[in-house]
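To start, the structure under review is shown below, and the notes come after it.
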Amino acid sequence: MLFKNKTLPALLSASISAFIFSSTAQAAACSIDVEVSTGMIYSAKNIDVPKTCKDFTINLKAAGTMPKAVMGHNLVISKEADQKAVIDDGSKAGLPANYVKAGDTRVLLATNIIGGGEKTSAKLDVKKLNAKDKYTFYCTFPGHAMMMKGILNLV
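In the working numbering, the protein residues as written are 1 to 155.
Pasting the structure below:
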């Protein structure tokens, strides 16, 4: 018998299980699923991004059946102070550009515009966030940001 005491193998097994569970929990914390209701409301009012994540993935899904040209939605992240300018420039860029100005450095993340029943994802480089700044997320489809917005926190 390799071990006279059965406690060591049991302890080792428990430690490995805890490590696997911890790793899975940490991986899950680096993404969020957000759904847009037919009432133009995000399922999340706040998104907490852990500092420990290298990338943070936003998975966006739109409820309903309306096409994106009529009732499209996206999720854009910027500093709170940049929101209005990003929305204004996005409106000028139009639907072919997902209502986001090409090359806009104020935009930290932008999903594609999606219609009812569609899904999209985008990754945020967490290194671009600064704990001293305030961030917001919103939809840049014309007129939607008034209702479709929330706060992003670096935690």
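Beta carbons: idealized from backbone N, C-alpha and C, even for Gly.
Taking 8 Å as the cut-off, the beta carbon of Ala81 is found no closer than this to the beta carbon of Ala93. Secondary structure of Leu60 (DSSP, three-state): strand. For Ala85, there is no enclosing beta strand (DSSP E); the enclosing alpha helix (DSSP H) has its first and last residue at 83-93.
Residues of the same chain with a CB within less than 7 Å of the CB of Lys128, apart from the 5 flanking positions on each side, are Leu108 in chain order.
With respect to Thr140, Leu60 sits apart: the two C-beta atoms are not nearer than 8 Å.
Boundaries cannot be given for Ala44, as no alpha helix (DSSP H) includes it and DSSP labels it neither H nor E.
Going by DSSP, Lys79 is part of the beta strand (DSSP E) stretching over 76-79. The stretch 48-62 makes no contact with the stretch 84-99; the number of CB pairs closer than 8 Å stays below 3. Around the beta carbon of Ser78, a 10 Å sphere encloses 16 or more other beta carbons of the protein chains shown; the residue is thus reported as buried. In this structure, the straight-line span from the alpha carbon of Ile114 to that of Thr105 is close to 22 Å. At least 8 Å separates the beta-carbon of Asp55 from that of Lys132. Following the DSSP letters along the chain, one finds Ala122 in no alpha helix (DSSP H) but inside the beta strand (DSSP E) bounded by residues 119-125.
When DSSP states are grouped into helix, strand and coil, Ala110 belongs to the strand group. In the DSSP assignment, Val155 falls outside any alpha helix (DSSP H), carrying neither H nor E. Judged by DSSP in its simplified three-state form, Val34 adopts strand.
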